[in-house]
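Remarks on the structure that follows.
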Amino acid sequence: MTANIAILGASGYTGAELVRLIATHPSMRITALSADRKAGMEMAEVFPFLRHLTLPRLQKIDEIDFSGIDLCFCALPHATTQAVVSKLPRDLKIVDLSADFRLRDAAEYEKWYGQPHTAPDLQKEAVYGLTEFYRDDIRSGRLIAGTGCNAATGQYALRPLIAAGVIDLDDILIDLKAGVSGAGRSLKENLLHAELSGGTHSYSAGGKHRHLGEFDQEFSKIAGRPVLVQFTPHLLPMNRGILATTYVRGDPATVHATLAQAYADEPFLRVLPFGALPSTRDIAGSNFCHIGVIGDRIAGRAVVIAVLDNLTKGSSGQAIQNANLMLGIEETAGLMLAPVFP
1 MTANIAILGA
11 SGYTGAELVR
21 LIATHPSMRI
31 TALSADRKAG
41 MEMAEVFPFL
51 RHLTLPRLQK
61 IDEIDFSGID
71 LCFCALPHAT
81 TQAVVSKLPR
91 DLKIVDLSAD
101 FRLRDAAEYE
111 KWYGQPHTAP
121 DLQKEAVYGL
131 TEFYRDDIRS
141 GRLIAGTGCN
151 AATGQYALRP
161 LIAAGVIDLD
171 DILIDLKAGV
181 SGAGRSLKEN
191 LLHAELSGGT
201 HSYSAGGKHR
211 HLGEFDQEFS
221 KIAGRPVLVQ
231 FTPHLLPMNR
241 GILATTYVRG
251 DPATVHATLA
261 QAYADEPFLR
271 VLPFGALPST
281 RDIAGSNFCH
291 IGVIGDRIAG
301 RAVVIAVLDN
311 LTKGSSGQAI
321 QNANLMLGIE
331 ETAGLMLAPV
341 FP
């Protein structure tokens, strides 16, 4: 079986990453690509690194014939996807990479994104797309809501620990460093080379970052009671990658054993030997997540460090992993490529 694929929002970073990964996928074929301002252009004009591929010309969404499409990736800006998905055929399988359907509670969506949700029925239908924890629901789902890249990284470090009850749920701190591609491809003054390179800075600090909505939702669901974490993200002058350093109160050896056992059979999650720490350079361009655990000089405290590529495992790779399940394809298909090094 070869599935016909449409990618909406193909002129952005996650759209280009989808094209890069699907280009060598054994069971997917790209048959439609959309862009707004770049409609009518070839992908090679927008992304010269894809010029070796034969791809459909970019077009407006309303020009696409969805009758022959098996699955559609929506790599559109936040708040745009709600209106677009509402107009797509009701039997079309959709993997959304935006934030529009991640939060199950419409009031929580309005709280974190500053506007009412315009497609509440679709919001109720959506399945949260953290693959390793929602496989069965994703496999039978029609609309999958991809996670935030920061939210995915923090969850891989913490979900098994919360479920096993081996850490203090009221003393969790996530200090996260992210590459600049996570901010998207739109022109922004603070992302100009002269403004960003040579330094780093925190952003959305003090409990203001939108991915906290996902942490609240998922961690509280696991624990069966409210779990609020401290979370401070920082923007680094690198293109790809996320490194989340998570500080928890718990026995370090137990923390490590819990994560190692939870992820022992996961193809994309690697728990390093106790005391070894991961680097973003070890997962660049791949769908892998590496996790390391060390103890602290203060007894009863542990440090968990997780790294992944925000464009791959944090977004487009995750999306393809979910699409594989939805289409009855081997989950790892098209995603076992080795990281790029150096």
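Numbers 1 to 342, taken from UniProt numbering, label the letters of the sequence shown in order. Even glycine gets a Cβ: it sits at the ideal position worked out from N, Cα and C.
Assuming residue i and residue j are in contact, meaning their beta carbons sit under 8 Å apart, how far apart are those beta carbons, in whole angstroms?
i, j, result
"Leu33", "Ser181", "That belief does not hold up - the Cβ atoms of Leu33 and Ser181 are roughly 20 Å apart, past 8 Å."
"Met326", "Lys93", "5 Å"
"Arg102", "Tyr128", "7 Å"
"Pro26", "Gly334", "7 Å"
"Ile69", "Thr31", "7 Å"
"Tyr156", "Cys289", "5 Å"
Using the rule of at least 16 other Cβ atoms within 10 Å of the residue's Cβ for burial, across every protein chain shown, is residue i buried or exposed?
i, result
"Val340", "exposed"
"Met336", "exposed"
"Leu173", "exposed"
"Glu63", "exposed"
"Asp100", "buried"
"Ala3", "buried"
"Lys313", "buried"
"Pro233", "buried"
"Ile222", "buried"
"Arg240", "buried"
"Pro278", "buried"
"Asp296", "exposed"
"Thr14", "buried"
"Met1", "exposed"
"Gln261", "exposed"
"Cys140", "Just to set this straight, residue 140 is Ser in the shown sequence, not Cys. Exposed: under 16 other Cβ atoms inside 10 Å."
"Ser86", "exposed"
"Ala276", "exposed"
"Gly328", "exposed"
"Glu218", "buried"
"Ile298", "exposed"
"Ala35", "buried"
Taking the alpha-carbon of residue i as reference, which of the options has the nearest alpha-carbon?
i, options, result
"Leu176", "Ala79, Asn287 and Thr200", "Thr200"
"Phe47", "Asp62, Thr24, Phe66 and Val19", "Val19"
"Asp121", "Ser204, Leu143 and Ile138", "Leu143"
"Leu76", "Asp96, Asp62 and Gln261", "Asp96"
"Ala126", "Gly114, Pro116, Tyr109 and Ala145", "Ala145"
"Leu169", "Pro26, Asp216 and Ala106", "Asp216"
"Thr118", "Asp282, Ala323 and Thr81", "Thr81"
"Tyr263", "Gly198, Arg51, Glu132 and Ser279", "Glu132"
"Phe49", "Arg37, Ala16, Ile22 and Ile30", "Ala16"
"Arg210", "Gly148, Arg37 and Phe219", "Gly148"
"Arg37", "Leu55, Thr280, His52 and Gly12", "Gly12"
"Gly198", "Glu108, Phe66, Thr24 and Met238", "Met238"
"Ala253", "Gly285, Pro273, His78 and Gln59", "Pro273"
"Asn287", "Gln321, Met41 and Ile22", "Gln321"
"Lys208", "Gly275, Pro226, Tyr113 and Gln155", "Tyr113"
"Asp265", "Asp65, His52, Thr332 and His78", "Thr332"
"His78", "Ser202, Ile283, Ala284 and Gln115", "Gln115"
"Ser67", "Asp91, Pro56, Ser86 and Glu45", "Asp91"
"Leu55", "Ala23, Ile329, Gly141 and Ser86", "Ala23"
"Asp137", "Pro342, Ala323 and Ala284", "Ala323"
"Ala319", "Val227, Ser98, Asp105 and Asp282", "Ser98"
"Gly285", "Glu330, Pro342 and Asp105", "Pro342"
"Ile283", "Ile294, Val293, Phe231 and Ala338", "Ala338"
Determine whether the beta carbon atoms of residue i and residue j lie at a separation below 8 Å.
i, j, result
"residue 346", "Leu161", "With the chain covering 1 to 342 only, the question about residue 346 has no answer from this structure."
"Val248", "Ala306", "no"
"Ala163", "Cys72", "no"
"Gly178", "Leu269", "One detail in the question is off: residue 178 reads as Ala in this sequence, not Gly. The answer is no: Cβ separation not under 8 Å."
"Cys74", "Leu158", "no"
"Ala10", "Met43", "yes"
"Val166", "Thr246", "no"
"Ala152", "Leu308", "yes"
"Val271", "Ile291", "yes"
"Glu110", "Gly213", "no"
"Leu130", "Ser316", "no"
"Leu58", "Met41", "yes"
"Gly154", "Ala39", "no"
"Gly300", "Asp251", "yes"
Using the DSSP secondary-structure output, state which residues sit across from residue i in a beta bridge.
i, result
"Tyr128", "Ala145"
"Gly179", "Leu236"
"Ile298", "Bridge partners of Ile298: none, in fact."
"Val304", "Thr246 and Val293"
"Arg270", "His290"
"Asn150", "DSSP output for Asn150 lists no bridge partner at all."
"Ile174", "Phe231 and Thr246"
"Ser202", "His234"
"Arg29", "Asn4"
"Lys93", "Leu71"
"Ser34", "Leu8 and Gln59"
Cβ of residue i versus every heavy atom of the ligand HEM: is any distance shorter than 7 Å?
i, result
"Ser204", "Within the structure as shown, the ligand HEM is missing, as the structure has no ligands at all."
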